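Asker: Numbering (our numbering), first residue to last: 11 to 175.
C-beta: ideal position from N, C-alpha, C; glycine also.
Since we're looking at a predicted model, the values are computed, not measured.
Have a look at this one before I ask anything.
Here is the structure:
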């Protein structure tokens, strides 16, 4: 079983979270890939995937994901989880919206998406990434709540791990 964490990161927060997620899984067969230098064909080689992105501007995908050629991505029926970084104070009205953007693309490719997270312990105003009280992936905020990142990753990985091993 080949597992990859594929992230797009501008300032390093999403990259750091990707490596923290790998560490928490505590499995040797997880590769961490930067989407800026990873082809869709390379991603297609993996059986299970975790995608990470940050939200920029007013709810936009991180630039490397925005430039990625999703048309060649083959993830039908593959287990996929999503995590994202956002700023829940300055961008409280678009908090982690990029999770929703990735979710929409991956769902259209018939991925089996796991790892939804309740929004009850979050402080934000609005997010496209929340449906019926659930984030469409793990939402993180290192700008305002960095002290919660590690515990949120631990909890999330413990919940999704059964889908990846």
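DSSP beta-bridge partners for residue 89?
Answerer: Per DSSP, 58 and 122.
Asker: Between residue 27 and residue 163, how many whole angstroms is the CB-CB distance? I'm expecting something under 8 Å.
Answerer: At roughly 7 Å, the Cβ-Cβ gap stays under 8 Å, so residue 27 and residue 163 are in contact.
Asker: Kindly indicate which three-state DSSP category residue 13 falls into: helix, strand or coil?
Answerer: Correct three-state label for residue 13: strand.
Asker: So, with DSSP's three-state summary, where would you put residue 20?
Answerer: Coil at residue 20, not helix or strand.
Asker: How would you write the range of the alpha helix (DSSP H) that residue 158 sits in, first residue to last?
Answerer: Residue 158 -> alpha helix (DSSP H) spans 156-174.
Asker: In the DSSP output, what is residue 104 paired with across the bridge?
Answerer: Paired residue(s): none; residue 104 is not in a bridge.
Asker: Let's test the definition: count the other Cβ atoms within 10 Å of the Cβ of residue 15 and tell me whether it reaches 16, buried, or not, exposed.
Answerer: With 16 or more other Cβ atoms within 10 Å, it is buried.
Asker: Would you call the segment 104-112 and the segment 127-139 in contact, with 3 or more CB pairs under 8 Å?
Answerer: The segment 104-112 vs the segment 127-139: in contact.
Asker: Nearest by alpha-carbon distance to residue 167: which of 92, 65, 130 and 71 is it?
Answerer: Residue 92 is the option with its Cα nearest to residue 167.
Asker: Measuring straight from C-alpha to C-alpha, what distance separates residue 99 and residue 106?
Answerer: C-alpha separation (whole angstroms): 11 Å.
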